[in-house]
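Colleague: Note that the sequence shown covers residues 66 to 298 in the working numbering.
A single structure is presented below for examination.
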Amino acid sequence: MGWIMMSERELNRIEVLAQVDDGKLTVESAANLLDLTRRQVFRLLKRYRVDGASSIRHRSRGKVPNNQIHHAKRDYALTLIKETYADFGPTLAAEMLVGHHGFKVSRETLRKWMVEDGMWLPRKERRKFHQPRLRRECFGELIQIDGSDHRWFEDRGPACTLLVFIDDATSTLMQLRFVTSESTFSYFEALDLYLAAHGRPVAFYSDKHTVFRVANQSAKVRTWHDPVRPCFE
66 MGWIMMSERE
76 LNRIEVLAQV
86 DDGKLTVESA
96 ANLLDLTRRQ
106 VFRLLKRYRV
116 DGASSIRHRS
126 RGKVPNNQIH
136 HAKRDYALTL
146 IKETYADFGP
156 TLAAEMLVGH
166 HGFKVSRETL
176 RKWMVEDGMW
186 LPRKERRKFH
196 QPRLRRECFG
206 ELIQIDGSDH
216 RWFEDRGPAC
226 TLLVFIDDAT
236 STLMQLRFVT
246 SESTFSYFEA
256 LDLYLAAHGR
266 PVAFYSDKHT
276 VFRVANQSAK
286 VRTWHDPVRP
296 CFE
């Protein structure tokens, strides 16, 4: 007699049914332990007494599921994806298959097929690499500017913004200035004070989107149209 694979739940049922068969447990107690009804316990007990412990094993174990998709359909779907939708994810690929080829399959089933075939990586296995930005080598080469809104004076004054100028190479605080709000004009005023005190660096940098943009292009105001890059060099 070979090995019979059973789950932990099935083994627990056999143990309880054996105690019922030996008279150590009542059917009521067995039903409570197994979270079954009395009728289910009697049915399992009958199978246990007639065919032995192996009869408690789930009868569908090892059989092909009724809803299993034929391997030819699986190969057909993966072939279509490789030839036409190689750069698509499972969700979009499933939509393309049903929309353009009349092949209906759930996105989760398609995701499983694509993972097994090496066409898609599960989220846990994806690795994201972020290239760190190296600091500038010399003092004064790049000045980073940013603002922080806060109630800096608690209840003794209104909320305001602290503009900070930091040297990228040494992290030295070059200038601190309280302003009413973090606006384009507040930055320009702070820049004028910085330039008067420290001279012009190689570049300024701010990641505050739209702060260096103005709606009226004819206005006589200095503007830099790409705030993601250095303001000027």
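Even for Gly, the Cβ is constructed at its ideal location relative to N, Cα and C.
#1: By how many angstroms is the C-alpha of residue 163 removed from the C-alpha of residue 169?
#2: Report the residue from 233, 99, 88 whose alpha carbon sits nearest the alpha carbon of residue 74.
#3: Among 183, 197, 198, whose alpha-carbon lies nearest the alpha-carbon of residue 191?
#4: Quick one: any contact between the segment 77–92 and the segment 105–118, if contact means 3 or more CB pairs under 8 Å?
#5: Just the Cα atoms here: how many angstroms apart are residue 141 and residue 186?
#6: Determine the DSSP secondary structure at residue 243, reduced to helix, strand or coil.
#7: If you run the structure through DSSP and keep just helix, strand and coil, what is residue 183?
#8: For residue 202, collect the residues of the same chain with a Cβ closer than 8 Å to its Cβ; drop the 5 residues on either side in sequence, then sort them by chain order.
#9: Go ahead and pull the three-state DSSP assignment for residue 270.
#10: What is the DSSP secondary structure of residue 251, counted as helix, strand or coil?
#11: Could you check which residue in 224, 223, 222, 239 has the C-alpha nearest to that of residue 230?
#12: Could you check which residue in 120, 166, 178, 165 has the C-alpha nearest to that of residue 133?
#13: Shorter than 8 Å from the beta carbon of residue 111 to some beta carbon of chain D?
#14: When DSSP labels each residue in this structure, what does residue 170 get in the three-state scheme?
#15: Output yes or no for whether 8 Å exceeds the beta carbon distance between residue 207 and residue 267.
#16: Compare the C-alpha of residue 214 against each of 101, 242, 236 and name the closest.
#17: For the beta strand (DSSP E) holding residue 215, just list the boundary residues, first then last.
#18: May I ask which residues mark the beginning and end of the alpha helix (DSSP H) holding residue 226?
Modeller: According to the structure shown:
#1: For the purposes of this step, residue 169 is identified with residue 104 of the sequence shown, where counting begins at 1. For the purposes of this step, residue 163 is identified with residue 98 of the sequence shown, where counting begins at 1. Roughly 5 Å separates the two Cα atoms.
#2: In the sequence shown, counting from the first residue as 1, residue 74 sits at position 9. Nearest C-alpha to residue 74: 99.
#3: Taking the first residue of the sequence shown as 1, we reach residue 191 at position 126. Of the candidates 183, 197, 198, the one whose C-alpha sits nearest the C-alpha of residue 191 is 183.
#4: yes
#5: Working through the sequence shown from its first residue, we reach residue 141 at position 76. Working through the sequence shown from its first residue, we reach residue 186 at position 121. If you take the alpha carbons of residue 141 and residue 186, they lie about 20 Å apart.
#6: Residue mapping note: residue 243 aligns to position 178 of the sequence shown, counting from 1. Looking at residue 243 - three-state DSSP - the assignment turns out to be strand.
#7: Looking up residue 183 in the sequence shown gives position 118. DSSP places residue 183 in coil when its eight states are reduced to three.
#8: Along the sequence shown, read from residue 1 onward, the residue named residue 202 stands at position 137. If we look at residue 202 and ignore the five residues flanking it on each side, its Cβ neighbours are 234.
#9: The count along the sequence shown starts at 1 and reaches residue 270 at position 205. Correct three-state label for residue 270: strand.
#10: Position 186 of the sequence shown, counting from 1, holds the residue named residue 251. Per DSSP, reduced to three states, the secondary structure at residue 251 is helical.
#11: Here residue 230 is taken as the residue at index 165 of the sequence shown, counted from 1. With distances taken between Cα atoms, residue 230 lies closest to 239.
#12: Here residue 133 refers to the residue found at position 68 of the sequence shown. For the residues 120, 166, 178, 165, the minimum Cα distance to residue 133 belongs to 178.
#13: Judged by its chain identifiers, the structure shown contains no chain D, having just a single protein chain.
#14: In the sequence shown, the residue the question calls residue 170 occupies position 105. It is coil, neither helix nor strand.
#15: On the sequence shown, residue 207 is found 142 positions in, with the first residue counted as 1. On the sequence shown, residue 267 is found 202 positions in, with the first residue counted as 1. Closer than 8 Å, so yes.
#16: As a first step, residue 214 must be located in the sequence shown, where it is residue number 149. Closest option to residue 214, Cα to Cα, is 242.
#17: On the sequence shown, residue 215 is found 150 positions in, with the first residue counted as 1. Counting along the chain, the beta strand (DSSP E) containing residue 215 begins and ends at 207–215.
#18: Here residue 226 refers to the residue found at position 161 of the sequence shown. Careful: residue 226 lies outside any alpha helix (DSSP H), inside the beta strand (DSSP E) at 225–232.
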